[in-house]
Amino acid sequence: LKKKVKKGDKIKGRHYTETNTQEGEKRKQREENQKKTAPVLNRLHGRWEAELNIGIMLVENIYVLLQKLAQDITDLRSTVEKLQATSNVLTQRVADAEKRISEVEDASTSHDQQQLKAATDKINNLENRSRQNNLRILGFPEGIEKGNLCAFLSEVLPEVLKLPTEVAIEMERAHRSLGPKPSSGQRPRAFIVKILCFPIKEQILKVAKSLGEMEWQGHRISIFLDLSGDLQLRRQKFAPVRKILRDNQFKYGLFYPAALKITDNGETHSFTNPEAAQKCISS
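173 is the number that the working numbering gives to position 170 of the sequence shown; each next residue is one higher, with no gaps.
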């Protein structure tokens, strides 16, 4: 038994020795491996550190750029707000200017229209005053005057107006109204006659009005004032009202230039507007 134990102890000691030897070899192998891999690891570590530094620098640069961009955006927003404020001011100024210009244009247009109307009225008045000795005579057939209208009317007018033969109607000139000669069956052109003496012209109109209908050799003759076209239109607008007045036996008169005077129960009303006259007689 004693021998066996000793032998076993030897086996156990050899086993420990072998184990230590193996561990030493492994440690040695590891150390050799570490020596071999150390340069590679060092290079990798250096590369990673460099890349990390580059990444940090990039992040720092991006941060700086973002700060600059944020500042630029702030400045841009401030500039836009200033531009918006300036634009609002300019818009208001333009609106005010347009309003003033519109008011000036309206006032100027109104003034021009008033001036034009006043000038037109003066021209019409002068034109009609230049015709104050003129008469417009309707109804005589074309060519009846045989080339001498003044001589024809001097002989015929006293007959038409039933004036004494000794009454002389002196004329400065006479002619047919302007326009083409009408064909057979059409209405003959009027005579435009300038009476030399204004009172004689007024007397002729008074007699013609008192006679009413006048005839000469079967032709109905009418004598009127010779008025401008514009004034004739203004007076013609009273025709419907005058018909109503005649039908209702009102006393009225159409006076120069275009004023209708109506007498009712001893009271006289004057109208220059046909609508106002119509409204008055309707009420």
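Yeah, the Cβ is synthetic: ideal placement off N, Cα and C, and Gly gets one too.
Cα-Cα separation between Glu63 and Thr77, rounded to whole angstroms: Taking the straight line from one Cα to the other gives about 21 angstroms.
Limits of the alpha helix (DSSP H) - the one that Ile207 falls within: That run of the alpha helix (DSSP H) goes Phe201 to Leu214.
Spatially closest choice to Arg245 from Leu263, Glu173 and Glu108, by CA coordinates: Leu263
Cross-strand partners of Met60 (DSSP beta bridge): Answer is none; Met60 lacks a bridge partner.
Opposing strand residues paired with Val196 [DSSP bridges]: Leu138 and Ala177
Where Asp250 falls: helix, strand or coil (DSSP): helix
Alpha-carbon spacing of His48 relative to Asn56, whole angstroms: Between His48 and Asn56, the C-alpha separation is close to 12 angstroms.
Assigned secondary structure, Thr123 (DSSP; H/G/I helix, E/B strand, else coil): helix
Residue burial classification, Asn151 (beta-carbon count within 10 angstroms, cutoff 16): It is exposed - the Cβ of Asn151 has fewer than 16 other Cβ atoms within 10 Å.
Buried versus exposed call for Glu229 [16 or more other C-beta atoms within 10 Å across all chains shown]: Strictly speaking, residue 229 in this sequence is Asp, with Glu absent from that position. Buried.
Cβ-Cβ separation, Lys197 to Asn268 (assumed contact under 8 angstroms), whole Å: At roughly 41 angstroms, the Cβ-Cβ gap does not stay under 8 angstroms, so Asn268 and Lys197 are not in contact.
Sequence-distant residues of its chain with Cβ nearer than 7 angstroms to Thr288 (five each side left out): Because residue 288 is not part of the residues shown, which for the chain are 4 to 286, the question remains open.
Inter-stretch contact at 8 angstroms, needing at least 3 Cβ pairs: the region 141-155 / the region 249-259: no
Coil, strand or helix - Tyr66 by DSSP: helix
Contact under 8 angstroms by Cβ, Arg237 with Ala211: no
Bounding residues of the alpha helix (DSSP H) (the contiguous stretch that carries Leu164): Looking at the DSSP string, the run of the alpha helix (DSSP H) that includes Leu164 is Leu152 to Leu164.
Residue closest to Phe253, alpha-carbon to alpha-carbon, out of His272, Tyr259, Lys184 and Glu108: His272
Cutoff 6 angstroms; reference Met217; Cβ partners in own chain excluding five residues on either side: Val163 and Ile224
Contained alpha helix (DSSP H) runs [length at least 4] in the region 221-249, N- to C-terminal order: Runs of the alpha helix (DSSP H) spanning 4 or more residues and lying entirely within the region 221-249 occur at 232-239, in chain order.
Neighbourhood of Lys204 by C-beta distance below 7 angstroms, restricted to the same chain and skipping five residues each side: Asn136, Leu138 and Ile198
DSSP three-state assignment for Thr275, whether helix, strand or coil: coil
Environment of Pro183 [buried if 16+ CB atoms lie within 10 Å]: Label assigned to Pro183: exposed.
Limits of the unbroken beta strand (DSSP E) element including Lys264: Ala262 to Asp267 is the span of the beta strand (DSSP E), which, as asked, contains Lys264.
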